[in-house]
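Visitor: First residue of the sequence shown: 393, per my numbering; consecutive thereafter. For every residue, glycine included, the Cβ atom is placed at its ideal position computed from N, Cα and C.
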Amino acid sequence: GFKIHCTCKRLFFARVRKFKIGEWRFLENFTLHPATKKYRATSHRFKMSIVGNSTVSESSLENDDNFLSLTPFQSIINGSLDSNFLIDVIGQAVDVGDIEVVQVLGKEKKKLELTLTDTCDQNIACCLWGRFAEQVLAAYKNAEENNILCLVRYAKINVYKGQVQITNAFETSSVVINPDGFDVQDYLRLPTNELALSTVTRDVDDYGETRVMLLDTVAEPILGVSADVLLGGSLDEDDDTLTNVVSSDRSSGPVSLISIESEDNTCLSSTPLSKRRVDSDLDDLSSTSKKQCFKIIKVEKNNGE
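1. Quick check: the Cα distance between Val-486 and Gly-498, rounded to an integer number of angstroms?
2. Which residue comes first and which comes last in the beta strand (DSSP E) that contains Gln-484?
3. What does a CB cutoff of less than 6 Å around Asp-510 pick up in its chain, not counting 5 residues either side in sequence?
4. Taking Ile-540 as part of the alpha helix (DSSP H), name the residues at either end of that continuous run.
5. Considering only their Cβ atoms, is the gap separating Leu-543 from Val-576 smaller than 7 Å?
6. Just to confirm my understanding: we take Ser-449, look at its own chain, exclude 5 residues before and 5 after, and list those with CB closer than 8 Å. What are they?
7. Spatial neighbours of Lys-412 within its chain, please: CB distance less than 6 Å, with the 5 preceding and 5 following residues excluded, ordered by chain position.
8. According to the neighbour-count rule (16 or more other Cβ atoms, all chains shown, within 10 Å of its Cβ), is Arg-545 buried or exposed?
9. Which term fits Cys-518, buried or exposed, when burial requires 16 or more other beta carbons within 10 angstroms of its beta carbon?
10. Where does the unbroken alpha helix (DSSP H) through Leu-462 begin, and where does it stop?
11. Can at least three beta-carbon pairs, one atom from the stretch 461–481 and one from the stretch 546–560, be found at a separation below 8 Å?
12. With distances taken between CB atoms, is the gap from Thr-434 to Ile-396 smaller than 7 Å?
13. What separation, rounded to the nearest whole angstrom, lies between the Cα atoms of Gln-555 and Phe-524?
14. Since I believe Gly-489 is in contact with Leu-506 (beta carbons under 8 Å), could you give me their beta-carbon distance rounded to a whole number of angstroms?
15. List the residues that DSSP assigns as beta-bridge partners of Met-440.
16. Starting from Ile-614, follow the alpha helix (DSSP H) in both directions and report where the run begins and ends.
17. Would DSSP call Lys-563 helix, strand or coil?
18. Are the beta-carbon atoms belonging to Ile-516 and Ile-442 less than 7 Å from one another?
19. Quick one: using the 10 Å Cβ neighbour count with 16 as the cut-off for buried, is Val-494 buried or exposed?
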């Protein structure tokens, strides 16, 4: 349903005595004016005004809808709303302070500061004045574990010391504690020490590290590139100037192949080491399985020879 703001001057209060909150009435003979300036209770373009010939009569229509237009906290915090319009907000009352008596325009007024939190765990500051401050503080102290829901209807968006907050707009606003249709359990905020209620789980698997050598034909589909690309175009192994020893046990005895990169050693032998003579200076010429080794002797030439 659509809502429209209606005003009545003190002079015509007698004509609206039949109006009661929550009940339906017929209203005849009224005027319409453009809705402008601050403290606009609805987004309607016009507002109604009771005049001298306005009449109010009872209606048989029944509807229990409160026509709430709850405003998301995020819309209030990010500043996307027009502060000239009054809004409806609901949240759990937390961080409730004590009532303070302050001077406003030379008069003492009671003020209560608190925080409202919604079901998304977003918070917004709230400042209530006068009887609204007393109402909320009394309900907060009497509630079980101080858990109460606070519905502020027709609240005003205000900025105080650089912080966005909501406050009651004089006597236009209304405050309802634990309204019907809302469950305070949906708004409960975690305590400050959230670790006390946090559940920590760790995934356990067989993760580890190992070195794997793969053929180029197997590794290329996995890595997406060939070994030639990874090695910069060269597949040659680095030169190793150390002695390489390869042994085999396929013969009657162990056979060793010794390769020493030296120009001074040109002797290769297939005879097992166990059958070789200890004195390597003597040449065994009777063996047919050996290649004769010749010792190279360098001879210095004398001058004149």
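Guide: So, from the data block:
1. 31 Å
2. 479–486
3. Phe-465, Gly-483
4. Premise fails: Ile-540 is in no alpha helix (DSSP H) and is neither H nor E.
5. no
6. Lys-410, Arg-417, Phe-418, Glu-420
7. none
8. buried
9. buried
10. Element bounds for Leu-462: n/a, residue is neither H nor E.
11. yes
12. yes
13. 21 Å
14. 7 Å
15. Cys-398, Leu-424
16. 608–615
17. Inspection of the sequence shows that residue 563 is occupied by Glu rather than by Lys. Here Glu-563 sits in coil by DSSP.
18. no
19. exposed
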